[in-house]
Amino acid sequence: MKRIIIIGNSCSGKSTLATLLSQKFAIEHYDLDDYFWKCNKFKKSYSHKRILTNVKNLALKESWVIEGVYSHLVEPILHQADVFIWIDLTKEACLKNLFERDIDPTQLQISRTQSYFERTTGSSKASHQLLWDAFEGC
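Numbering (our numbering), first residue to last: 5 to 142.
Encoded structure:
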């Protein structure tokens with residue numbers, strides 16, 4: 005197990021699990037938020053071309069744990085993963101995690117966590133289901 009992808013909703017535990025696996029297997033952990041957003045997270049993203057190039061370059065490394073909510077970034081590298089983990093928690097569980105993690109979460113954080121189940125973008129439950137169905141590995 006050298007290449008692991010973890011997807012899921014905001015506050016589903018992706019970063020926590022990625023950190024644990026990274027430590028256990030002594031492999032680097034990459035959070036897709038760090039490649040997607042400019043310095044002020046959740047306000048302005050890099051260009052799609054730049055993000056995709058950086059993610060594809062990450063996937064060329066011998067080993068990694070890559071985690072995030074972005075299906076459109078995971079899909080091009082999915083075939084390079086040995087293991088694919090989808091953390092599929094309920095809305096209530098993700099919101100509970102959000103309020104435990106942040107004493108005073110922003111309305112944007114709450115909205116993004118809640119809307120995961122209804123939205124149709126590349127960061128939705130529906131898009132994660134499509135990736136899960138398409139993955140041919142473990």
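Positions of the beta carbon are idealized from the N, C-alpha and C atoms, including for glycine.
Cβ-based neighbour list, residue i, same chain, cut-off 6 Å, excluding 5 preceding and 5 following
| i | result |
| --- | --- |
| residue 136 | 90 |
| residue 22 | 10, 33, 69 and 71 |
| residue 116 | 14 |
| residue 64 | none |
Top-ranked residue by Cα proximity to residue i, from the options
| i | options | result |
| --- | --- | --- |
| residue 118 | 98, 106, 134 and 107 | 98 |
| residue 101 | 71, 7 and 18 | 18 |
| residue 104 | 16, 6 and 7 | 16 |
| residue 122 | 76, 140, 95 and 25 | 95 |
| residue 55 | 64, 69 and 40 | 40 |
Alpha-carbon spacing of residue i relative to residue j, whole angstroms
| i | j | result |
| --- | --- | --- |
| residue 129 | residue 62 | 24 Å |
| residue 11 | residue 92 | 9 Å |
| residue 57 | residue 87 | 22 Å |
| residue 27 | residue 134 | 29 Å |
| residue 127 | residue 112 | 15 Å |
| residue 29 | residue 74 | 24 Å |
| residue 124 | residue 131 | 7 Å |
| residue 24 | residue 53 | 30 Å |
| residue 14 | residue 108 | 16 Å |
| residue 106 | residue 120 | 19 Å |
Residues that DSSP places opposite residue i in a beta bridge
| i | result |
| --- | --- |
| residue 68 | 7 |
| residue 83 | Per DSSP, none; premise fails for residue 83. |
| residue 74 | None; residue 74 has no bridge partner. |
| residue 108 | Per DSSP, none; premise fails for residue 108. |
| residue 147 | Missing from the structure shown is residue 147; the chain here goes from 5 to 142 and no further. |
Chain B contact for residue i (CB, 8 Å cutoff)
| i | result |
| --- | --- |
| residue 89 | Among the chains in the structure shown there is no chain B, since it carries only a single protein chain. |
Expected contact under 8 Å - CB spacing of residue i and residue j to nearest Å
| i | j | result |
| --- | --- | --- |
| residue 59 | residue 77 | 5 Å |
| residue 71 | residue 36 | 7 Å |
| residue 31 | residue 85 | Contact doesn't hold; Cβ gap of about 12 Å is too wide. |
Any non-hydrogen atom of the ligand GTP within 7 Å of residue i CB
| i | result |
| --- | --- |
| residue 77 | Absence of the ligand GTP from the depicted structure is noted, as is the absence of any ligand whatsoever, leaving it without description. |
Sequence-distant residues of the same chain with beta carbon closer than 7 Å to residue i, five excluded per side
| i | result |
| --- | --- |
| residue 139 | 82 and 88 |
| residue 6 | 31, 66, 67 and 86 |
Spatial neighbours of residue i in its chain, beta-carbon cut-off 8 Å, leaving aside the 5 residues before and after
| i | result |
| --- | --- |
| residue 114 | 99 and 102 |
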